[in-house]
Amino acid sequence: VQFPGYQIHFVDQYRKNQGNLTTAQVEQYLEKLHGNMTRKDAYYDNRVGFEVEDLTPFKKSMSVANIRYYSDDNSKEGESMIMQLPGGILFQLMVPVSPLSHPAAANSS
171 VQFPGYQIHF VDQYRKNQGN LTTAQVEQYL EKLHGNMTRK DAYYDNRVGF
221 EVEDLTPFKK SMSVANIRYY SDDNSKEGES MIMQLPGGIL FQLMVPVSPL
271 SHPAAANSS
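Under my numbering, residues 171 to 279 are what the sequence shown spells out, in order.
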């Protein structure tokens, strides 16, 4: 899905160190584990995350593209959505309860 005004690029690494499982096997395992994104699993803490002002345009884009995502609107930290990228990578967008209480915001003034 292409979000208006946003692009994120990952650097592809062609030489991957592998253990008992190949990189492709790990990616397949994670994609299957995350499934249809209806509940958290043991790997949900390993994700790329960004803070945004409003989730509405992102949720709309995902719904129009018929892409499932995990939505947590009742978190103490704020409203968030987590989607899965190819290879089982989790990507989170979050609207914090109070952006100004965030340590990074407090240090920037």
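The beta-carbon is built from N, C-alpha and C at its ideal position, and this holds for glycine as well.
Everything numeric in this text was worked out from a predicted model, so none of it was measured.
Go through its chain and collect everything with a Cβ distance to Tyr240's Cβ below 6 Å, but skip five positions before and after it.
Cβ neighbours of Tyr240 beyond the five flanking positions: Met207, Ile252.
query: Are the region 224-242 and the region 195-209 touching by the rule of at least three beta carbon pairs closer than 8 Å?
result: Contact between the region 224-242 and the region 195-209 is established, with three or more Cβ pairs separated by less than 8 Å.
DSSP state of Tyr184, grouped into three classes? DSSP places Tyr184 in coil when its eight states are reduced to three.
*Taking the runs of the beta strand (DSSP E) that are 3 residues or longer, which of them lie wholly in the region 227-269?*
Positions of the beta strand (DSSP E) runs, each at least 3 residues long and wholly inside the region 227-269, are given as 239-242, 248-255, 259-266 in order along the chain.
When the Cβ atoms of the region 222-235 are set against those of the region 184-197, are three or more pairs found closer than 8 Å?
Of all C-beta pairs linking the region 222-235 to the region 184-197, fewer than three are shorter than 8 Å, placing the two stretches out of contact.
Open item on the list: So for Glu221, helix, strand or coil by DSSP?
Closed with: The three-state secondary structure of Glu221, taken from DSSP, is strand.
Check whether the Cβ atoms of Gly219 and Gln183 sit closer than 7 Å, and answer yes or no.
No; because the gap between Cβ atoms is not below 7 Å, this pair is not in contact.
> Among the residues of its own chain, which have a CB less than 8 Å from the CB of Tyr213, if the five just before and after it don't count?
Replying inline: Taking C-beta separations shorter than 8 Å and ignoring five residues to either side along the sequence, the partners of Tyr213 in its chain run Leu200, Leu203, His204, Gly258, Leu260, following chain order.
### Query
With Met264 and Glu221 assumed to form a contact (beta carbons below 8 Å), what rounded beta-carbon distance in angstroms separates them?
6 Å between Cβ atoms; contact.
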